[in-house]
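This report refers to the structure that appears directly beneath it.
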Amino acid sequence: MIVLGLSGSLTHDPSAALFVDGRLVAAVEEERFLRDKHAKRQWPYHSARYCLEVAGIAPGDIDAVAFPFAAFGLRYPGRWHFAKRYWYAPDRALQAIFNGNRHFRRNRDAILKLMRDLSIDPDRTPFVPVPHHLTHASSAYHLSGFDGKVAIMGIDGKGEYATTFFGYGENGQIHCIKEFFDPDSLGGVYGALTQYLGFEMLDGEFKVMGMAPYGDPTKYDFSPLIQCDGRSFTVDTTLVNTVGLRRYKQDGLGFYFSPKLVDWLGPKREGDEIDDPYVDYAASMQRLLEDVALQLIETYLGDILRETGKLCFAGGVALNVKLNQRIIDLPHVHELFVQPAASDAGTAVGAASYVAHEMGDAIAKQEHVYLGPSFSTEDGRRACESHPEKPIFEQVPDAPQAAARLLAQGHPVAWFQGRMEFGPRALGNRSILGDPSQPGIADRINAQIKYRERWRPFCPSILDRAAEEILQTGHPAPYMTFAFTVAEHWKTRIPEVVHMDGTARAQVVTQATNPRYYALIEELEKLRGVPVVLNTSLNRRGEPIVCTPGDALDMFYGSDLQYLFIEDLLVRKAK
Numbered sequence: 009m010i011v012l013g014l015s016g017s018l019t020h021d022p023s024a025a026l027f028v029d030g031r032l033v034a035a036v037e038e039e040r041f042l043r044d045k046h047a048k049r050q051w052p053y054h055s056a057r058y059c060l061e062v063a064g065i066a067p068g069d070i071d072a073v074a075f076p077f078a079a080f081g082l083r084y085p086g087r088w089h090f091a092k093r094y095w096y097a098p099d100r101a102l103q104a105i106f107n108g109n110r111h112f113r114r115n116r117d118a119i120l121k122l123m124r125d126l127s128i129d130p131d132r133t134p135f136v137p138v139p140h141h142l143t144h145a146s147s148a149y150h151l152s153g154f155d156g157k158v159a160i161m162g163i164d165g166k167g168e169y170a171t172t173f174f175g176y177g178e179n180g181q182i183h184c185i186k187e188f189f190d191p192d193s194l195g196g197v198y199g200a201l202t203q204y205l206g207f208e209m210l211d212g213e214f215k216v217m218g219m220a221p222y223g224d225p226t227k228y229d230f231s232p233l234i235q236c237d238g239r240s241f242t243v244d245t246t247l248v249n250t251v252g253l254r255r256y257k258q259d260g261l262g263f264y265f266s267p268k269l270v271d272w273l274g275p276k277r278e279g280d281e282i283d284d285p286y287v288d289y290a291a292s293m294q295r296l297l298e299d300v301a302l303q304l305i306e307t308y309l310g311d312i313l314r315e316t317g318k319l320c321f322a323g324g325v326a327l328n329v330k331l332n333q334r335i336i337d338l339p340h341v342h343e344l345f346v347q348p349a350a351s352d353a354g355t356a357v358g359a360a361s362y363v364a365h366e367m368g369d370a371i372a373k374q375e376h377v378y379l380g381p382s383f384s385t386e387d388g389r390r391a392c393e394s395h396p397e398k399p400i401f402e403q404v405p406d407a408p409q410a411a412a413r414l415l416a417q418g419h420p421v422a423w424f425q426g427r428m429e430f431g432p433r434a435l436g437n438r439s440i441l442g443d444p445s446q447p448g449i450a451d452r453i454n455a456q457i458k459y460r461e462r463w464r465p466f467c468p469s470i471l472d473r474a475a476e477e478i479l480q481t482g483h484p485a486p487y488m489t490f491a492f493t494v495a496e497h498w499k500t501r502i503p504e505v506v507h508m509d510g511t512a513r514a515q516v517v518t519q520a521t522n523p524r525y526y527a528l529i530e531e532l533e534k535l536r537g538v539p540v541v542l543n544t545s546l547n548r549r550g551e552p553i554v555c556t557p558g559d560a561l562d563m564f565y566g567s568d569l570q571y572l573f574i575e576d577l578l579v580r581k582a583k
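Residue numbering for the sequence shown follows this note's numbering, starting at 9 and increasing by one per position.
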């Protein structure tokens, strides 16, 4: 079967994913083509075209189009929970009861139009809506490669109405144990505090996570935000997850927290510096998220985990690597698979995988995220020749070796190779690299290349044969979805990729998955003695990861980078 998954339309992070006979062959976010981070309220038109073109699929060959948003009947408990909890905003409460599928209808109509724009006939090709949290569950479970009974968890801001999903998978079928509904949302509370701490919701949550280790989580008690008895939780909507007249407003903008929260904690944070008490607030928020999530995991998944030891996790909160670290430290969790595109971009994958499975396909294990566009050395050459800055470029016989030599000399290097990654992490194909053993390289990349907050951490890519020694665990980590405590004797050897709390959000690199990147790290090891490279995404602050050679050159000239590899080309700036 050929199933195209489409997400986004009137929401955020539109994307497309294509399954052919149960195998994920292409996936890409629309932001990469539009050069607009998160591409809010856009359709995944370019993404869908790319998926079909790279796979050689004609629009008429598609067996189904899957969409990660569905309609729910009046008896659905989420609609009534929403109406009851948002009583103070009568327009929203009444809409949930009397017009509760309005957003679905608008999205459906937009996607049906998109199908026609792509020459996919909705009268011949079924349009299949899938409940949002079921797509998160499928994106993790069906692609995990796990056999037998598997615990499943999905946590995000919200889908149609659900915010949190606990269930299990067995024999390819997904079973729901418990759902929680808006406004009772762990992701929503974290997002509201993200706004309060001066960052953008749906974008800056990872900054709060990165800020948290600088603070003391015991200094402030954040439990009033979420009342949790271990079986259920309730968000205090007089403080966070607020709507309507309860929202705090500043310069005409409304936020998802209230004036009451500001009265309690003080003014909303402004600026880029990390200071008291805001670092402690970040630490307290992070600790609250972890503690509530772990209580719920024990209640709803504990028995399954003690039986099987396997857990799958998706939804935006699944990108919280500190939470994931605490999960894999649980004695009854033997292996955790986090969908690498865990946020809403990954729901295109989940919707398509779910529908493909329902149509009879066995879904293949996800082996990598290199699912986007690729370009040749000749494409790079043409981009250089046509670029207005007229870069100097040459073809080198061994790009990994040449890059490693520059890294060893203390130079950051832009590394553009192969198919672009799907999801928020650059994993060695659209990356900025540095030597993690050289003090100061992280500050230089933050200040002169990425133009981002100086306290933001960088991540290591580690050769698989050295990972267990450095990370003190053999847990699989191919996608930078976990934090690990770095072994004491390695902290001083690779200081530029060890965070304030002694952890690292690591990618373990295998030769089979990315031989060119593996070769580069091996060459750096020969020169510097560490089987590790500092890896951050090839983009500047506020921009999507680069997609094309032209994007890479624009980023190159918009920063202090001096060396860029595009396949076998070494690009320099003219003096």
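For every residue, glycine included, the Cβ atom is placed at its ideal position computed from N, Cα and C.
- Taking C-beta atoms under 8 angstroms as the contact rule, P444 and V540 qualify, at a distance of about 5 angstroms.
- Per DSSP, W272 is one residue of the alpha helix (DSSP H) stretching across P267 to L273.
- Only exposed fits D284, as fewer than 16 other CB atoms lie within 10 angstroms of its CB.
- In this structure, the alpha-carbon of V325 lies about 43 angstroms from that of I400.
- A contact is defined here as three or more CB-CB pairs under 8 angstroms, and the stretch 189-199 meets this definition with respect to the stretch 150-168.
- For F241, the uninterrupted beta strand (DSSP E) segment begins and ends at F241 to V243.
- A56 is a Cβ neighbour of L12, given a cutoff of 8 angstroms.
- Between the alpha carbons of L535 and Y526 lies a gap of roughly 15 angstroms.
- In the DSSP assignment, F188 falls within the beta strand (DSSP E) that extends over Q181 to F189.
- In this structure, F466 is the residue among F466, L253 and S23 with its C-alpha nearest to the C-alpha of A450.
- When DSSP states are grouped into helix, strand and coil, M219 belongs to the helix group.
- Rounded to whole angstroms, the Cβ separation of L269 and Y256 is 7 angstroms, and the two are in contact under 8 angstroms.
- Take G550, set aside five residues on each side of it, and the residues of its chain with a beta-carbon closer than 7 angstroms to its own are K45, in chain order.
- Bounds of the alpha helix (DSSP H) holding I478 are D472 to L479.
- Residue nearest to G30 within the set A200, V357, I335 and P134 is V357 (criterion: CA-CA distance).
- For T171, the secondary structure class from DSSP, reduced to helix, strand or coil, is strand.
- Burial check for P139: the Cβ neighbour count within 10 Å reaches 16 or more, so the residue is buried.
- Annotation for F41: no beta strand (DSSP E) segment contains it, though the alpha helix (DSSP H) segment containing it runs E39 to L42.
- DSSP, read as helix, strand or coil, puts E281 in coil.
- With a 10 Å radius around the Cβ and a threshold of 16 neighbouring Cβ atoms, K318 comes out buried.
- Taking C-beta atoms as the reference points, A290 and G223 count as a pair closer than 8 angstroms.
- Counting only runs of 4 or more residues that sit fully inside the stretch 281-332, the alpha helix (DSSP H) segments are 286-316, in chain order.
- By the neighbour-count criterion, in which 16 or more other beta carbons inside 10 Å mark a residue as buried, K215 falls on the buried side.
- Put simply, the backbone Cα of N332 is about 14 angstroms away from that of L296.
- Distances from the CA of G162 to each of Y149, E402 and F154 were compared; the closest alpha carbon is that of Y149.
- Taking 8 angstroms as the cut-off, the Cβ atoms of L201 and M293 count as close.
- Between T511 and P76, the CB-CB gap reaches or exceeds 8 angstroms.
- By alpha-carbon distance to T481, the top candidate from V136, N249, V300 and I336 is I336.
- For T355, the uninterrupted alpha helix (DSSP H) segment begins and ends at T355 to E366.
- The alpha-carbon separation between P85 and I185 amounts to approximately 14 angstroms.
- Taking C-beta separations shorter than 6 angstroms and ignoring five residues to either side along the sequence, the partners of G16 in its chain run P22 and P52, following chain order.
- Straight-line measurement puts the Cα of H497 at about 48 angstroms from the Cα of R49.
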